[in-house]
Amino acid sequence: MTDIRLYNTKTRQKERFQPIDPSNVRMYVCGPTVYDRAHMGNARPAVVFDVLYRLLQHHYGADHVTYVRNITDVEDKIIARAAERGISIDELTRTTTEWYHHDMAALGVDYSADPRFIEPHATAYIGEMIAMIEALIAGGHAYAAEGHVLFDVKSYDAYGRLSGRSLDDMIAGARVEVAPYKRDPMDFVLWKPSSDDQPGWDSPWGRGRPGWHIECSAMSHALLGESFDIHGGGNDLMFPHHENEIAQSCCAHPGGDFARVWMHNEMLQVEGKKMSKSLGNFFTVHELLEQGIPGEVIRFVFLGTHYRKPMDWTAEKAREAEGTLRKWRGLTAGIEPASSPAPEVIGALRDDLNTAGAIAALHALAGAGEAAALKASAGLLGLLGDDLGDWADAGASDLDGWAERLATERAKAMETKNFAEVDRLKAALVAAGVEVRMSKAGVELVPGAGFDAAKLEGVA
9 MTDIRLYNTK TRQKERFQPI DPSNVRMYVC GPTVYDRAHM GNARPAVVFD VLYRLLQHHY
69 GADHVTYVRN ITDVEDKIIA RAAERGISID ELTRTTTEWY HHDMAALGVD YSADPRFIEP
129 HATAYIGEMI AMIEALIAGG HAYAAEGHVL FDVKSYDAYG RLSGRSLDDM IAGARVEVAP
189 YKRDPMDFVL WKPSSDDQPG WDSPWGRGRP GWHIECSAMS HALLGESFDI HGGGNDLMFP
249 HHENEIAQSC CAHPGGDFAR VWMHNEMLQV EGKKMSKSLG NFFTVHELLE QGIPGEVIRF
309 VFLGTHYRKP MDWTAEKARE AEGTLRKWRG LTAGIEPASS PAPEVIGALR DDLNTAGAIA
369 ALHALAGAGE AAALKASAGL LGLLGDDLGD WADAGASDLD GWAERLATER AKAMETKNFA
429 EVDRLKAALV AAGVEVRMSK AGVELVPGAG FDAAKLEGVA
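Heads up: the sequence shown begins at 9 in the numbering used here, then just goes up one per residue.
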């Protein structure tokens, strides 16, 4: 079996992936902080690591891969947003978690029926967080001060190796909280006090709540152990979040390796610019879905760029993706998928999750008319499945009547030699984004990129 090779941020090189236990491959990915709708940048790691999960399942067997992606449901942003909206924190986190699940499912990231996927909520692991903090204090890696507990960064010599920064660089470039109870500006909070109107739990240091970083360390340890195979997330989390996770996990459990392989996806741009509310190019997944852009199209655009490169979302890419997917769905309609994905597609994904290369291989399969192989291979990327096909089916069904009408008019024109009505209908269809194919076999209408059924409503 051909090896999987992955780029390890920790070693800064592509390596042969060797799981600790091939019968139980374990992966942890930082999930959402649930206080608002997921934006496009939040969606990219969800899709990237979904494809990695699919590849690992294909390679090692679906029963031999465990995927943990957490829900952060206690954090200062959540507290602030709940107060701003005048609702309880529970209501906010419950609602936004449901939004997240719905929006990700629209992109083909749906684990509701997957027993090997685990989604821990931070608030369910407070006991484990307190126990880990106590171990860090006992080991001389953390200290209590004024109701807070802080990690002593200088107690861990390897701090900064993941991000490749020295302590001096980190202090100069980071927005660190300067507080009188800190021994060093870089020390980070493991536990903080809570006021009466904030969520809190009893602890040896008083009523309070965990810092963000300790949450992932405690949940991954509880579910995957002291050592596991892959830790993933966006590269904006590399420092300080992942750096802090490594420090506290390795110090609390010195006999373990924590994560062997670290993978980080690059950020997302919109029309060549950084996505930001100030530029007016900040989109949530929900907003794009509401605009009529199918989730499968969004997923396809994401996968067209290698995960370690910045991804530029453009309207043109979305139109092209829609046209490609319509053609592929037309080609594979009613076709049973091949027993296995094409070797070229599997090979691209095994080479550091090269989804762009895999999609190029799909184009080649489509061009060669290999429909069964195309369907099986696209399925490995989460494309062309029945779960995401409603949008294309709806577009095709809208054209059934038009195909019949055009065929009738064409038959008349063949006798009368007057093709004016045929040309008029054909022009209307083309203007609506439909590819019109007429031959001796009949009339075939294929919705293309940017197909808009509404443009046909006023055509008599």
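Each residue gets a CB set at the ideal place from its N, CA and C atoms; glycine is no exception.
At what residues does the alpha helix (DSSP H) containing residue i begin and finish?
i, result
"Thr416", "Asp408 to Thr424"
"Glu23", "It is not in any alpha helix (DSSP H) - Glu23 instead sits in the beta strand (DSSP E) that spans Gln21 to Arg24."
"Asn252", "Glu251 to Ala260"
"Arg432", "Ala428 to Ala439"
Per DSSP, what kind of secondary structure is residue i in: helix, strand or coil?
i, result
"Ile138", "helix"
"Asp71", "helix"
"Gln206", "coil"
"Pro455", "strand"
"His272", "strand"
"Ala267", "strand"
"Lys200", "strand"
"Ile28", "coil"
"Arg13", "strand"
"Gly240", "strand"
"Pro40", "coil"
"Gln299", "coil"
"Met35", "strand"
"Val55", "helix"
"Gly49", "helix"
"Ser228", "helix"
"Val278", "strand"
"Ser174", "coil"
"Ser284", "coil"
"Ser235", "strand"
If I'm right that residue i touches residue j with Cβ under 8 Å, what's the distance once you round it to whole angstroms?
i, j, result
"Ile97", "Ala90", "5 Å"
"Glu83", "Thr41", "5 Å"
"Thr292", "Arg34", "Contact doesn't hold; Cβ gap of about 31 Å is too wide."
"Trp399", "Leu464", "17 Å between Cβ atoms; not a contact."
"Ala364", "His314", "5 Å"
"Cys38", "Cys224", "6 Å"
"Leu392", "Thr340", "6 Å"
"Phe196", "Gly168", "With 8 Å as the limit, Phe196 and Gly168 do not qualify as a contact, their Cβ atoms being about 13 Å apart."
Are there 16 or more other CB atoms within 10 angstroms of the CB of residue i, so buried, or fewer, so exposed?
i, result
"Lys162", "exposed"
"Arg306", "What sits at residue 306 in the sequence shown is Ile, not Arg. By the 10 Å Cβ count, Ile306 comes out buried."
"Met271", "buried"
"Lys434", "buried"
"Pro188", "exposed"
"Asp256", "Position check: residue 256 holds Gln in this sequence, whereas Asp was assumed. Burial call: buried."
"Arg24", "exposed"
"Glu154", "exposed"
"Ser447", "exposed"
"His371", "exposed"
"Ser347", "exposed"
"Val438", "exposed"
"Arg102", "exposed"
"Ala260", "buried"
"Pro349", "buried"
"Val466", "The sequence shown places Gly at residue 466, rather than the Val named in the question. Burial call: exposed."
"Thr424", "exposed"
"Lys317", "exposed"
"Leu342", "In the sequence as displayed, the identity of residue 342 is Gly instead of Leu. Exposed is the call here."
"Arg445", "exposed"
"Met422", "exposed"
"Leu287", "exposed"
"Pro123", "exposed"
Note the first and the last residue of the continuous beta strand (DSSP E) segment covering residue i.
i, result
"Met446", "Val442 to Ser447"
"Pro218", "Gly216 to Pro218"
### Minimum length 4: unbroken alpha helix (DSSP H) runs contained in the region 302-389
303-311, 323-340, 351-358, 363-375 and 379-388
#### Entry: Secondary structure, alpha helix (DSSP H): runs of 4+ residues fully inside the region 73-160
84-93, 97-114 and 134-146
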